[in-house]
Each structure stands twice: as C-alpha cells, then as structure tokens.
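Protein chains in written order, with our numbering: chain A, 1 to 114; chain B, 1 to 116. First comes the structure, then the notes that go with it.
Shown next, in the form of structure tokens:
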C-alpha cells in the first residue's frame, strides 16, 4: 500500500524567503509523485510531477521538487515566496499505471508574511 | 479545452435526502475519477471509470453511494439517505489514458456538500 506524509500542516514564510514543503512517501514499487496546489474554494491544480528520468523536476510558478529515492522524499521548494503563493499544497503518490489513482497527503497550508 | 466542470458547486441538504452531482470531464478524456475531501484532509479516492466501465471502487464508497458514466462522457455521483458524515467536497478529475505514458489528472472545482 502507498502512503504520503506531509510534515507540517501549516508553514509560514516571509515574502521573498525560501519556501520548503516536506513530503515523504511509502511505496512498494517505483512511485509516481505529484504536487498539487489548491486555492480557496477551488479544485486542485498540478504544480509538477515526477514519473521517470531527471530527479529534479521544475513546475509552474517557480516551484521545483527533487525525488530522492534513498530518503523516500519529494520536497517542494521555491527560492523566493510571493504573496500569491498562499494556498494549500498537497503531495500525492501513485503506483499503478493501470488506474493511476492518487493517494494524497493531508496537505500543508502555506501562509506568506508581508 | 474548457476544463473539468462540476455541478452544482454547492449543495445543502437535510439528513436522509438523496443528492446527485454531475461531472463533465475534458472532452476525449476516457478516464474519470471521483475523490472526496473532508475538512483539513487531502482528497481520498472513491472510484474511477474507463469510458463507461467502473473499474474500481474504494471501500469508502458505501452502498449508499453510486456512480455512473452511462455514455462514457459525463458522470454522476448519487448519495442516498445522506448522513452528516457525508459533508465534504466531492472532486472529479479526468485524464487521457493511452496506457503508453503518464497523463496528468485534471481536477474540477468540486461540489461542496453540507448535510444538516
């Protein structure tokens, strides 16, 4: 069975500071990993994904994540936070190429301090 | 490409009533998923369709829940005899499933259900 742990349900950073959101996964097979962002009263938008190949993945809005198999981690980073980054962020894992259902973490709410 | 749409966006109902939600996927997406998101939690998988066939159902989907995708296009999710514990955001997602490469799941805005 696959699972995702997001450390820190709430993270606050100052505008212009580094954003680091942590995600660790458990999977019995090589995983597919995702970060989604959810703004209030909206659905989920894909930020980035890791399937195969390069372990450093770049996404939209300046975010990137690095797949580290030895640490079973897929942390999300952004060098300089912007006020518009305030949202809820979900890490997700999928194992199955057959149905591709996603298993999500509990989310991290990111607050940006002016 | 107009994105995944869901209707209604909000639903308030009384305990014991039946409710039905609709999801219109991105055209030509043959795979459709339903997830449920309760307050403070991440979305949880409920069920998924490939074309009109329902291929997997989560144990979260009790016998009061039924989902259909009759013509392989839009889908409906019905909850019978609603309970307060059914209050949640119901999310629909779709993707193109070629089986050759990984395709992204695109999510709709969700239907927020409140059972009084």
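Backbone N, C-alpha and C define an ideal beta-carbon position, used for all residues, glycine too.
Contact belief for residue 86/A with residue 76/A at Cβ below 8 Å, rounded distance in angstroms: Here residue 86/A is actually not in contact with residue 76/A; their C-beta atoms are around 14 Å apart, not less than 8 Å.
Which residue wins for smallest C-alpha separation from residue 72/B, given the options 79/B, 81/B, 90/B, 96/B? Checking every option, the nearest Cα to that of residue 72/B belongs to 96/B.
Using the beta-carbon of each residue, which ones in chain A are nearer than 7 Å to residue 102/B? 32, 51, listed in chain order.
Report the neighbours of residue 25/B on chain A: residues whose CB is nearer than 9 Å to its CB, in chain order. Correct list: empty, because the minimum Cβ distance to chain A is about 13 Å.
Once DSSP output is grouped into helix, strand and coil, what is the label at residue 86/B? Residue 86/B: helix per DSSP, three-state reduction.
State yes or no: is the beta carbon of residue 111/A nearer than 8 Å to at least one beta carbon in chain B? So no, residue 111/A is outside the interface.
In the DSSP assignment, the beta strand (DSSP E) including residue 4/B goes from what residue to what residue? Residue 4/B -> no beta strand (DSSP E), and no H or E assigned at all.
Identify, in the order they occur along the chain, each residue of the same chain with its Cβ nearer than 6 Å to the Cβ of residue 49/B, setting aside the five sequence neighbours on each side. Excluding sequence neighbours, residue 49/B sits near 32, 69.
Could you list which residues in chain B have their beta carbon closer than 8 Å to that of residue 101/A, in chain order? Contact annotation for residue 101/A against chain B: 33, 45, 48, 56 [CB-CB distance below 8 Å, chain order].
Checking the sheet assignment: what are the DSSP bridge partners for residue 74/A? In DSSP, residue 74/A forms a bridge with 67/A.
Beta carbon of residue 93/A, beta carbon of residue 6/A: below 8 Å? With contacts defined by Cβ atoms closer than 8 Å, residue 93/A and residue 6/A do not form a contacting pair.
Using a Cβ-Cβ cutoff of 8 Å, what residues of the segment 72-96 of chain A are near chain B? List them in chain order. Hits within the stretch, in order: 90, 92.
If residue 57/A and residue 68/A are in contact, beta carbons under 8 Å, what's the gap, nearest whole angstrom? Not a contact, Cβ separation roughly 12 Å.
Does any C-beta atom of chain A lie closer than 8 Å to the C-beta of residue 95/B? Closer than 8 Å: yes.
Chain-ordered neighbours of residue 110/B on chain A, where CB pairs are closer than 7 Å: Those within 7 Å of residue 110/B in chain A are 43.
Taking CB distances under 8 Å as the criterion, tell me whether residue 106/A reaches chain B. Chain B, which has a Cβ nearer than 8 Å to the Cβ of residue 106/A, makes this yes.
Would the segment 104-113 of chain A and the segment 52-62 of chain B be scored as touching if the rule is three or more Cβ pairs under 8 Å? Three or more Cβ pairs closer than 8 Å define a contact, and the segment 104-113 of chain A falls short of that threshold against the segment 52-62 of chain B.
With DSSP as the reference, label residue 26/B as helix, strand or coil. Shown here, residue 26/B sits in coil according to DSSP, grouped into three states, outside any helix or strand.
Please check the pair residue 4/B and residue 108/B, which I expect to be a contact at CB under 8 Å, by giving their CB distance rounded to whole angstroms. Indeed they touch by this definition, with Cβ atoms about 4 Å apart.
Which of the three DSSP states, helix, strand or coil, is assigned to residue 61/A? Annotated three-state conformation of residue 61/A is helix, per DSSP.
Limits of the unbroken beta strand (DSSP E) element including residue 62/B: Residue 62/B -> no beta strand (DSSP E), and no H or E assigned at all.
Using a Cβ-Cβ cut-off of 8 Å, state whether residue 91/B counts as contacting chain A. Yes, contact with chain A.
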